[in-house]
Amino acid sequence: MRIPAAPLFGLTLFTYPLFAAPAPAVNWPQYRGSGALGVDDSVPLPIEWNVESGTNIRWQTAIPGLSHASPIVWGDRVYVATAVKPGKSELKVGLYGDIDPVDEKEAHQWRLLALDKTTGKIVWNVTGYEAVPKVKRHTKASHCNSTPATDGSHVVALFGSEGLFCFDTAGKLIWKKDLGPMDAGYFDVPSAQWGFASSPILRDGKIVVQCDVQKGSFLAVFDVKDGRELWRAPRKDVPTWSTPSVVSTGDRTQIVVNGWHHAGGYEFATGKELWKLDGGGDIPVPTPLYANGLIYLTSAHGKVRPMRAIRPTASGNITPETPGMTNAAIAWAHARQGNYMQTPILIGDALYACFDMGIVTCFDANSGAIRYSERLSKNGEGFTASPVSDGRHLFFTSETGNVYVVPAGPKFSVVSTNSMTETCMATPAISSGTLLYRTREKLIAIGSK
Numbered sequence: 000m001r002i003p004a005a006p007l008f009g010l011t012l013f014t015y016p017l018f019a020a021p022a023p024a025v026n027w028p029q030y031r032g033s034g035a036l037g038v039d040d041s042v043p044l045p046i047e048w049n050v051e052s053g054t055n056i057r058w059q060t061a062i063p064g065l066s067h068a069s070p071i072v073w074g075d076r077v078y079v080a081t082a083v084k085p086g087k088s089e090l091k092v093g094l095y096g097d098i099d100p101v102d103e104k105e106a107h108q109w110r111l112l113a114l115d116k117t118t119g120k121i122v123w124n125v126t127g128y129e130a131v132p133k134v135k136r137h138t139k140a141s142h143c144n145s146t147p148a149t150d151g152s153h154v155v156a157l158f159g160s161e162g163l164f165c166f167d168t169a170g171k172l173i174w175k176k177d178l179g180p181m182d183a184g185y186f187d188v189p190s191a192q193w194g195f196a197s198s199p200i201l202r203d204g205k206i207v208v209q210c211d212v213q214k215g216s217f218l219a220v221f222d223v224k225d226g227r228e229l230w231r232a233p234r235k236d237v238p239t240w241s242t243p244s245v246v247s248t249g250d251r252t253q254i255v256v257n258g259w260h261h262a263g264g265y266e267f268a269t270g271k272e273l274w275k276l277d278g279g280g281d282i283p284v285p286t287p288l289y290a291n292g293l294i295y296l297t298s299a300h301g302k303v304r305p306m307r308a309i310r311p312t313a314s315g316n317i318t319p320e321t322p323g324m325t326n327a328a329i330a331w332a333h334a335r336q337g338n339y340m341q342t343p344i345l346i347g348d349a350l351y352a353c354f355d356m357g358i359v360t361c362f363d364a365n366s367g368a369i370r371y372s373e374r375l376s377k378n379g380e381g382f383t384a385s386p387v388s389d390g391r392h393l394f395f396t397s398e399t400g401n402v403y404v405v406p407a408g409p410k411f412s413v414v415s416t417n418s419m420t421e422t423c424m425a426t427p428a429i430s431s432g433t434l435l436y437r438t439r440e441k442l443i444a445i446g447s448k
């Protein structure tokens, strides 16, 4: 079934094709790709492009609405979620501390779109839900922050308080599930609703959802075929915006979650708690990252901002006396070198982490030794989108849409800076030499022609 793109609330979708066939498909099925690693090293990416002149731009397609959900890729399809209302939504980027939310009373449409990866043409464009948003959002957030996930047969979208939705790859809604209000906001000021942002992940026919909100938080697993809840583990923590990770080592498969008072691991099959870690930043956002035999966990807001490497064999309460200490379960730790918004990225034996002010720190992934800590820009920009890499270079994107390209390796430099010409809050996707950016109003495919 192919559903044509249609005008919505007076908005029309336009495509600006600049055709060039990409390499054979490499899938990028969830937030930051498989395992949230953020790397596709199959084909080199260009380090320079120009959105206005079209240099190394394969296509640009206008996408309606406001959304910080990242694009995902399976085969020759790119999927992107968005929330659309009449008129243009307010968006305020930059480094500021306002906590008052945006209260939008207009009806929104939460939509899922599929695009052809080669041409950027919209293949289908469907509405999953339409209503006035049930909660408010931050001035820097959207009503569609969660990245969809796919296994090639299903596309799962978590639209926050509006529910969990499962579509087939032709855009047909298979099932939907109301998970209750997702009131995520500042724990110290409950009226400051900021919008939900944790993304679902798909593993072995199961959907993993982390819902850390003001009341009734939980971690749950659902059957992708029919939405049946397989298990639910209550959680007691402040609201978080982190996407969980599934980590398999030996005979243990666990779901690892970030948190302030309850980061930890849960048995994938049953939801049984395996280990727990208390303390860190009090607004947890980055996704746990597993690579090189260690789980990298970070958060940053409040008094401390730790960066830690956890052994996947951890068991019980592994909380140290102070955030910078190690123990049998914590291989290495820094008390004040962690990330606020971005998920770190690992290339070889180097772990790269970018703070929201644009300071990149490169750690030895095995020992935690700091190789460098340098500033990307002197422009005073904020950085929210997480970095991605083709294994040769890292791509760090500022909120104002400047992409800073840094070579992978022990020495820091910025080899190029490329403007997306629009604000950019969403983490990009990579597929076989194509870099896909969701900017304020477009989906842009970057790749050598």
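Per numbering that gives the first Met the number 0, residue 0 is the first one in the sequence shown, and the count goes up by one each step.
C-beta: ideal position from N, C-alpha, C; glycine also.
Using the three-state DSSP reduction, which class does Ser415 fall into: helix, strand or coil?
Strand at Ser415.
So, helix, strand or coil for Ala35, using DSSP?
Helix, per DSSP.
Where does the unbroken beta strand (DSSP E) through Ala290 begin, and where does it stop?
288 to 290 is the extent of the beta strand (DSSP E) around Ala290.
Going by DSSP in three states, Ile443 sits in which element: helix, strand or coil?
Three-state DSSP puts Ile443 in a strand.
Asp182 and Gln209 look like a contact to me (Cβ under 8 Å); what is the Cβ gap, rounded to whole Å?
Wrong, their Cβ atoms sit about 15 Å apart, outside the cutoff.
Looking at the structure shown, is Gly315 part of a helix, part of a strand, or coil, going by DSSP?
Gly315: strand per DSSP, three-state reduction.
Quick check on DSSP: helix, strand or coil for Ser241?
Correct three-state label for Ser241: coil.
Can you check DSSP and say which residues form a bridge with Thr269?
Thr269 pairs with nothing; no bridge assigned.
Examine the Cβ distances between the region 351 to 371 and the region 282 to 298 and report whether three or more of them are shorter than 8 Å.
Yes, the region 351 to 371 is in contact with the region 282 to 298.
For Thr54, collect the residues of the same chain with a Cβ closer than 8 Å to its Cβ; drop the 5 residues on either side in sequence, then sort them by chain order.
Hits under 8 Å: Glu47, Trp48.
What does DSSP give as the partner residues of Asp363 in its beta bridges?
DSSP, once it has assigned bridges, lists Ala349 as partnering Asp363.
Among the candidates Ala113, Ala308, Thr242, whose CA atom is the shortest distance from the CA of Pro283?
Minimum Cα distance to Pro283 is reached at Thr242.
From which residue to which residue does the beta strand (DSSP E) around Cys165 run?
It spans 163 to 167 - the beta strand (DSSP E) in which Cys165 sits, taken as one unbroken run.
Quick check on DSSP: helix, strand or coil for Gly159?
In the structure shown, Gly159 sits in a helix (DSSP, three-state: H, G or I).
Thinking C-alpha only, which one of Gly184, Glu161, Pro147, Phe186 is nearest Asp167?
It is Pro147.
Using 9 Å as the threshold, is the C-beta distance between Gly445 and Thr426 below it?
Before going on, a small fix: residue 445 reads as Ile here, not Gly. For Ile445 and Thr426, no; Cβs fall outside 9 Å.
If you follow the beta strand (DSSP E) that Pro233 is in, where does it begin and where does it stop?
228 to 233 is the span of the beta strand (DSSP E), which, as asked, contains Pro233.
Which residue or residues does DSSP assign as beta-bridge partners of Asp115?
DSSP output for Asp115 lists Arg76 as bridge partner(s).
Tell me whether the region 100 to 107 and the region 74 to 92 touch, counting them as touching only if at least three CB pairs, one residue from each stretch, are closer than 8 Å.
With a cut-off of 8 Å, the region 74 to 92 and the region 100 to 107 count as touching, because enough Cβ pairs lie within range.
Going by alpha carbons, who is nearest to Arg459 out of Ile121, Asn124, Asp97?
Absent from the model: residue 459. The displayed extent of the chain is 0 to 448, so no value can be given.
Hey, Val405 and Phe411 are a contact pair by Cβ (cut 8 Å); roughly how many whole angstroms apart?
Contact holds; Cβ gap of about 7 Å.
According to DSSP, is Arg110 part of a helix, a strand, or is it coil?
Strand at Arg110.
Suppose the cutoff is 6 Å on Cβ atoms and the five residues either side in sequence are ignored; what does the same chain contact list for Ala22 look like?
Caution is warranted here: a pLDDT of 43 is assigned to Ala22, below 50, making its placement in the model unreliable, and the coordinate value is therefore given only provisionally. If we look at Ala22 and ignore the five residues flanking it on each side, its Cβ neighbours are Val42, Ser431, Gly432.
Can you grab the Cα-Cα spacing for the pair Val202 / Ile71, in whole Å?
The question names Val, but residue 202 is Arg in the sequence shown. Distance between the alpha carbons of Arg202 and Ile71 is about 15 Å.
What is the rounded straight-line gap between the Cα of Lys87 and the Cα of Leu442?
Near 17 Å, if we compare the C-alpha coordinates of Leu442 and Lys87.
Can you list, in chain order, the residues of its chain with a C-beta nearer than 8 Å to that of Gly151? Leave out the 5 residues immediately preceding and following it.
Only Asn26, Pro28, Trp73, Gly74, Thr168 meet the Cβ criterion.
Taking only runs that begin and end inside the region 176 to 225, name each unbroken beta strand (DSSP E) of 3 or more residues, in chain order.
Qualifying beta strand (DSSP E) stretches, in chain order: 200 to 202, 205 to 210, 217 to 222.
Given Thr383, which residues of its chain have a CB within under 6 Å of its CB, disregarding the five upstream and five downstream residues?
Closer than 6 Å at the Cβ level, and outside the excluded window around Thr383, lie Met340, Glu398, Met424.
Determine which residues share a DSSP beta bridge with Arg304 and list them.
DSSP output for Arg304 lists Arg335 as bridge partner(s).
For the beta strand (DSSP E) that Trp58 lies in, which residues bound it at each end?
Element bounds for Trp58: 56 to 61.
Who are Asn144's beta bridge partners in DSSP?
None; Asn144 has no bridge partner.
Taking the continuous beta strand (DSSP E) assigned at Glu51, which residues delimit it?
First-last for Glu51: undefined, no H or E at that position.
With respect to the beta strand (DSSP E) encompassing Thr126, which residues constitute its N-terminal and C-terminal limits?
From DSSP, the beta strand (DSSP E) with Thr126 extends over 121 to 130.
When the Cβ atoms of the region 294 to 310 are set against those of the region 385 to 400, are three or more pairs found closer than 8 Å?
Too few Cβ pairs lie closer than 8 Å, so no.
Roughly how far, in whole angstroms, is the beta-carbon of Gly278 from the beta-carbon of Thr318, given that I think they are within contact range, below 8 Å?
With a Cβ gap of about 6 Å, Gly278 and Thr318 count as contacting.
Which residue from Asn417, Ala262, Ile56 puts its Cα closest to that of Gly119?
Comparing Cα positions, the closest option is Ile56.
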